[in-house]
Amino acid sequence: MLAKKDNINLFSNSVKTSVINIVKEEVLENQNKGLLKKNKEKKGVILIKSTKRNVFCTLLDIDEKKVKTSCSLRVPAYENEYNERENLYTRGLLLGNLFGDKAIKLGYTEFTIYLGSGINKGRRGVVRGLSKKGIKITFLHLGTRYPHNGCRPVKVRRKKFRTKPKISR
1 MLAKKDNINL FSNSVKTSVI NIVKEEVLEN QNKGLLKKNK EKKGVILIKS TKRNVFCTLL
61 DIDEKKVKTS CSLRVPAYEN EYNERENLYT RGLLLGNLFG DKAIKLGYTE FTIYLGSGIN
121 KGRRGVVRGL SKKGIKITFL HLGTRYPHNG CRPVKVRRKK FRTKPKISR
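Below you can see the structure in the form of structure tokens.
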């Protein structure tokens, strides 16, 4: 009977050590998961300001509240083969691609985009170019509101026509 108790004790010690090893491994895995969670994705704000013939983009960091990089429509090279009129939408696509590359190199993955002053087809191209790069856009805010059809315009007052000629003396 004593031999049986010793066998049970030996068995339980080996079980204890194996359980302790398993618990240690789980603790290490949980610590590694915690370390992976600490590496957050960088978030930034893109401000897009558009004028009649140009679009300006600036990238702000949310944590540091500083300007990281900026760019405009004139920066990417654009070949005008057939001497056609400058197309702001295609220039905006080029700017979006270039700006997306810059942001990816800096390590940003998520963006909120603020479309500031001015109505321009180029700003739509910039947003399209950024989305084609695979950048996650979390929020898109329109600064300048413009009507799709709009309110009914004010009734214009008609001017009275003179039927009699004015006689000058």
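Numbering-wise, full-length UniProt numbering puts 120 at position 120 of the sequence shown, and it's gapless, one number per residue. C-beta: ideal position from N, C-alpha, C; glycine also.
- By the criterion of a C-beta distance shorter than 6 angstroms, GLY125 is surrounded in its chain by TYR89, GLY92 and LEU93, once the five residues flanking it on both sides are discounted.
- Under DSSP, LEU140 forms a beta bridge with ILE113.
- Inside the segment 62-88, DSSP marks whole beta strand (DSSP E) runs of 3 or more residues at positions 67-72, from first to last along the chain.
- Per DSSP, GLY122 is one residue of the alpha helix (DSSP H) stretching across 121-132.
- Nearest to PHE99 by alpha-carbon distance, out of GLY116, VAL67 and LEU59, is LEU59.
- Around THR144, the same chain offers LEU115, GLY116, SER117, GLY118 and ILE119 as residues with beta carbons nearer than 8 angstroms, after the five sequence neighbours per side are excluded.
- In the same chain as PHE56, and ignoring 5 residues on each side of it, the C-beta atoms closer than 6 angstroms to its own belong to LYS49 and SER72, in chain order.
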